[in-house]
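One structure is given here, and the rest of the page talks about it.
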Amino acid sequence: MKQDMWGLLADDYCGFDTVEAARKLLGRYLCRETEEGLVAGVIVETEAYLSEGDPACHASRGKTRRNAAMFGPPGIAYVYFIYGNYYCFNVVTGPEGRGEAVLIRAVEPVEGLALMQKRRGKECALNNLASGPGKLCQAFAIDTSLNGHELSREPLYLQDNPGAPLILPVQRTPRIGVSSAKNLCLRFIIEGNRFLSR
DNA sequence: GTTAAGATCTGCT
DNA sequence: GCAGATCTTAACG
Numbered sequence: 000m001k002q003d004m005w006g007l008l009a010d011d012y013c014g015f016d017t018v019e020a021a022r023k024l025l026g027r028y029l030c031r032e033t034e035e036g037l038v039a040g041v042i043v044e045t046e047a048y049l050s051e052g053d054p055a056c057h058a059s060r061g062k063t064r065r066n067a068a069m070f071g072p073p074g075i076a077y078v079y080f081i082y083g084n085y086y087c088f089n090v091v092t093g094p095e096g097r098g099e100a101v102l103i104r105a106v107e108p109v110e111g112l113a114l115m116q117k118r119r120g121k122e123c124a125l126n127n128l129a130s131g132p133g134k135l136c137q138a139f140a141i142d143t144s145l146n147g148h149e150l151s152r153e154p155l156y157l158q159d160n161p162g163a164p165l166i167l168p169v170q171r172t173p174r175i176g177v178s179s180a181k182n183l184c185l186r187f188i189i190e191g192n193r194f195l196s197r
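Residue numbers are given in numbering that gives the first Met the number 0: position 91 of the first sequence equals residue 90, and the series is strictly consecutive.
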């Protein structure tokens, strides 16, 4: 059976639609390997950023040095630095040159809990390890050195979750933290999950 | 060269 | 619930 670059079955996935990808990424594993060890979690919260009609998208005003990775081929990482302290991690979607991506906002920690805790700092509660884009990048040691990295291989990759229910309770809401396009419902969460950013 | 804003988090009230 | 930290990026002069 044929799979695309995220390992999704072709039947499950209609072309390169970014909104669809944001939904389909829920429930899948995000894995990160470093010399310190492996950390992994289940993606529970995503947001789609579109090239048209979406001023909140970094690519909406054309290609710049920062957002260049967004215009690359689907399945690579777009990582950027924000607010002087934090990184945000996206999966590039859509055909090459289009400039769309899915922001990974939160994961449910599964593997390497102690390492995540160490990176996040002291006595961090389990549901505070990776419940937000900045926290997630801290726990997974993601920075701009991974910008443009292909997410099909080490040291940062997406993986199927055979244990996930076939039908997830997915809810659509407005995106968090954007000042424009607040009316667009482009945030996807696993309903009722304890590890959401809010 | 200068400036304003930003896909956030933490700590304090 | 709210303000402050903190600094890169991009737009403008």
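In this text, a Cβ means the ideal position worked out from N, Cα and C, and glycines have one as well.
Compute the beta-carbon to beta-carbon distance between residue i and residue j, rounded to the nearest angstrom, for a pair I have assumed lies under 8 Å.
i, j, result
"Thr-45", "Arg-104", "6 Å"
"Ala-68", "Gly-133", "Actually they do not touch by this definition, with Cβ atoms about 18 Å apart."
"Ser-196", "Ile-175", "6 Å"
"Gly-74", "Val-101", "Not a contact, Cβ separation roughly 11 Å."
"Gly-111", "Gly-36", "6 Å"
"Leu-135", "Ala-47", "Not a contact, Cβ separation roughly 17 Å."
Keeping to the same chain, check which residues put their C-beta closer than 7 Å to that of residue i; ignore five residues upstream and five downstream.
i, result
"Ala-180", "Asp-53, Pro-54 and Ala-55"
"Asn-192", "Val-43 and Glu-107"
"Phe-80", "Tyr-86 and Thr-143"
"Pro-164", "none"
"Leu-201", "The structure shown does not extend to residue 201, since the chain is modelled only from 0 to 197, so the question has no answer here."
Between which two residues does the beta strand (DSSP E) carrying residue i extend?
i, result
"Cys-30", "28-33"
"Leu-157", "155-158"
"Arg-119", "First-last for Arg-119: 112-119, but that is the alpha helix (DSSP H), not the beta strand (DSSP E)."
"Glu-44", "36-48"
"Thr-172", "169-172"
"Arg-186", "186-189"
With residue i as the anchor, note down where its alpha helix (DSSP H) starts and where it stops.
i, result
"Pro-132", "132-138"
"Arg-197", "Taken as a continuous stretch (DSSP letters only), Arg-197 belongs to no alpha helix (DSSP H), as it is neither H nor E."
"Lys-181", "Run containing Lys-181: none; DSSP gives neither H nor E here."
"Arg-22", "17-23"
Excluding sequence positions up to five away, which residues of its chain have a Cβ less than 6 Å from the Cβ of residue i?
i, result
"Glu-95", "Pro-72"
"Gln-137", "Arg-118 and Arg-119"
"Ile-188", "Glu-44, Gln-170 and Leu-195"
"Asp-142", "Tyr-86"
"Ser-50", "Ala-58, Arg-97, Gly-98 and Glu-99"
"Cys-30", "Ala-39, Tyr-156 and Gln-158"
"Glu-149", "Ile-75"
"Val-177", "Ala-55"
"Gln-190", "It is Glu, not Gln, that sits at residue 190 in the sequence shown. Within the same chain, Glu-190 has close Cβ partners Pro-168 and Gln-170."
Which residues in the same chain as residue i place their Cβ atom closer than 8 Å to its Cβ, once the five residues preceding and following it in sequence are excluded?
i, result
"Gly-131", "Arg-104, Ala-105 and Ser-196"
"Asn-182", "Pro-173"
"Arg-65", "His-57 and Tyr-79"
"Thr-17", "Ala-47, Tyr-48, Leu-49, Thr-92, Gly-93, Glu-99, Ala-100 and Val-101"
Tell me, please, whether the stretch 139-158 touches the stretch 17-31 by the rule of three or more beta-carbon pairs shorter than 8 Å.
-> yes
Segments of 3+ residues assigned as beta strand (DSSP E) that fall wholly inside the stretch 53-121 = 76-81, 85-92 and 99-110
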